[in-house]
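Everything below concerns the one structure shown next.
Residue numbers (the numbering used here), protein chains in the order written: chain A, 1 to 341; chain B, 342 to 498.
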């Protein structure tokens with residue numbers, strides 16, 4: 001009699017196990033994208049000032065962003081830290097991520113301080129972070145919360161380049177921008193442009209829950225799309241004349257920029273592709289786009305890019321990406337692109 | 342004599358102490374306002390403003406979208422619908438620099454990410470119905486140039 005009663009219980013337990021296992025299999029797996037992360041906060045006088053036309057200081061916005069971000073960061077096996085710069089300081093050392101501990105550390109960030117005499121040594125701050133990064137192992141994301149103002153010490157862009165040169169793909173410097181001056185915005189963009197791993201987001205945008213969710217996914221865990229190390233360069237100022245394919249002096253600055261990019265990436269093999277709009281015959285457009293792509297290739301080769309790295313192709317109107325029923329769309333269609341192979 | 346000098350000495354000591362207390366390490370002089378840096382700042386501000394309009398132009402004119410997907414059939418016989426879209430919520434990265442080959446001209450680049458979204462289904466209709474998921478991202482680097490610092494960043498004609 002006792003054995004008969006145990007059977008339904010055992011079956012129920014087995015069913016529960018199967019259900020749990022199915023749920024675990026069905027749930028997308030969160031794989032940490034990094035082994036470490038550092039929240040790196042600009043603690044300078046300018047951050048204590050109100051952001052644009054709001055009545056909220058930038059440091060308060062940054063603290064709020066960090067608090068919300070910490071709530072979203074999943075509990076995965078990475079280490080987390082909180083540092084400041086201007087002045088440089090350790091609030092929480094790099095240690096196994098604990099949501100409560102990091103939240104408590106973030107709460108200690110002062111948001112009401114005297115702005116006098118607190119200049120921004122962002123470059124020096126990045127340089128000071130070097131040993132912290134160096135002492136870590138694996139991939140590390142540094143998330144800067146800054147307005148980009150840098151009016152003391154070394155050049156922050158140069159320091160960021162030094163860090164990337166030293167740590168390569170191990171490091172990614174994401175910048176959450178509170179910039180409200182031209183110089184601050186430019187410095188931030190120059191730092192962001194140094195690596196394709198960077199997720200570029202403005203502090204005001206992070207107040208949107210969906211943007212914050214996506215930022216956390218993109219920086220911390222790998223459930224989203226792979227960031228292909230592929231880049232498509234699109235020339236928008238190569239204004240070839242009607243039925244023309246010759247390079248003119250006005251085109252030199254654009255070609256110069258492509259040359260710079262290709263010289264920085266000697267590993268890259270590329271295809272230069274010409275495209276036209278849909279006006280004219282397919283055959284005419286194919287031949288014209290072919291000639292234009294070849295002109296660009298010839299120029300690049302004359303200026304030092306190995307011919308073995310480059311192919312070219314004219315696609316004419318066969319790969320329309322834009323609406324050719326409008327003049328705007330047709331203008332967008334007329335272009336030369338450089339695609340990495 | 343000493344007693345007569347004492348008040349003076351005390352006064353001098355107090356004066357010295359007060360002067361030391363008030364002395365503040367002078368803040369470093371602000372970075373020199375390099376005219377070329379100011380030009381680059383202005384160009385960057387204008388390019389960043391143009392970038393927002395540019396991305397809106399691209400979104401408006403691009404053919405690829407949920408209603409206009411590419412459909413392919415995989416080796417497993419299933420259909421895959423795919424389209425590209427400019428990633429939302431992420432700020433474009435703008436760079437400016439002076440041209441070396443053409444003095445007086447400037448180069449601007451606008452970098453942003455494009456996602457490829459896909460959905461698989463047993464029929465083309467099922468694939469097109471979604472839901473779509475982003476499967477890869479690519480960096481777009483759009484290069485513009487202007488012939489002088491006063492020229493506007495603009496869309497091609």
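Just so it is clear, CB atoms sit at the ideal spot from N, CA and C, and this is done for glycine as well.
Whole-angstrom distance between residue 153(A) and residue 270(A), CA atom to CA atom: 40 Å
Alpha-carbon to alpha-carbon, residue 221(A) and residue 369(B): With a pLDDT of 38 at residue 369(B), under the threshold of 50, the modelled position of this residue cannot be trusted, and the question is left open.
DSSP-derived helix/strand/coil call for residue 297(A): helix
Residue 431(B) and residue 234(A) closer than 9 Å at C-beta: no
Under 9 Å between C-beta atoms of residue 345(A) and residue 339(A): Only positions 1 to 341 of chain A appear in the structure, and residue 345(A) is not among them; the question remains open.
Cutoff 7 Å; reference residue 190(A); Cβ partners in own chain excluding five residues on either side: 157
Among 141(A), 181(A), 202(A) and 313(A), nearest to residue 368(A) - alpha-carbon criterion: Chain A is shown from 1 up to 341; residue 368(A) falls before or after that span and cannot be answered.
Chain-ordered neighbours of residue 480(B) on chain A, where CB pairs are closer than 8 Å: 196, 230, 231 and 232
Segment contact flag, the region 296–308 of chain A with the region 180–195 of chain A, C-beta cutoff 8 Å, min 3 pairs: no
Beta-carbon spacing of residue 256(A), residue 443(B) below 9 Å: yes
Burial state of residue 147(A) (16 or more Cβ within 10 Å): buried
Beta-bridge pairing of residue 568(B) - partner residues as DSSP gives them: Look at the range of chain B in this structure, 342 to 498, and you will see that residue 568(B) is not part of it.
Residue 133(A) beta carbon less than 9 Å from that of residue 351(A): For chain A, the structure presents residues 1 to 341; residue 351(A) sits outside this window and is missing.
Positions along the region 241–253 of chain A whose CB lies within less than 9 Å of some CB in chain B: 249, 250, 251, 252 and 253
Interfacial residues, the region 386–417 of chain B to chain A, with Cβ spacing under 8 Å: 386, 389, 398, 399, 401, 402, 403, 404 and 405
Distance CB(residue 419(B))-CB(residue 459(B)) smaller than 9 Å: no
Those residues which DSSP pairs with residue 475(B) across a bridge: 458(B)
Option nearest residue 473(B) by Cα separation, candidates 495(B), 407(B), 345(B) and 391(B): 407(B)
Residue burial classification, residue 456(B) (beta-carbon count within 10 angstroms, cutoff 16): buried
Terminal residues of the alpha helix (DSSP H) in which residue 326(A) lies: Careful: residue 326(A) lies outside any alpha helix (DSSP H) and carries neither H nor E.
Sequence ranges, alpha helix (DSSP H) only - wholly within the region 158–199 of chain A, length at least 4: 182–192
Cutoff 9 Å: residue 99(A) Cβ touching any chain B Cβ: no
Where residue 347(B) sits in the DSSP three-state scheme: helix
Proximal residues of chain B, C-beta to C-beta of residue 190(A) below 7 Å: 436
Sequence ranges, beta strand (DSSP E) only - wholly within the region 209–260 of chain A, length at least 3: 226–235
Residue-chain proximity (residue 123(A), chain B), Cβ-Cβ < 9 Å: no
Continuous alpha helix (DSSP H) stretch holding residue 469(B): start and end: 465–470
Residue 149(A) and residue 184(A) closer than 9 Å at C-beta: yes
Any chain B beta carbon closer than 9 Å to residue 103(A): no
Beta bridge counterpart(s) of residue 274(A) as assigned by DSSP: 314(A) and 336(A)
Where residue 394(B) falls: helix, strand or coil (DSSP): helix
Residue 484(B) at chain A interface by Cβ criterion, 9 Å: yes
C-beta atoms of residue 51(A) and residue 209(A) nearer than 9 Å: no
Three CB pairs or more closer than 8 Å across the region 317–330 of chain A and the region 281–288 of chain A: yes
Contact under 9 Å by Cβ, residue 109(A) with residue 41(A): yes
Sheet register partners of residue 98(A) (DSSP bridge): Partner(s): none; residue 98(A) has no beta bridge.
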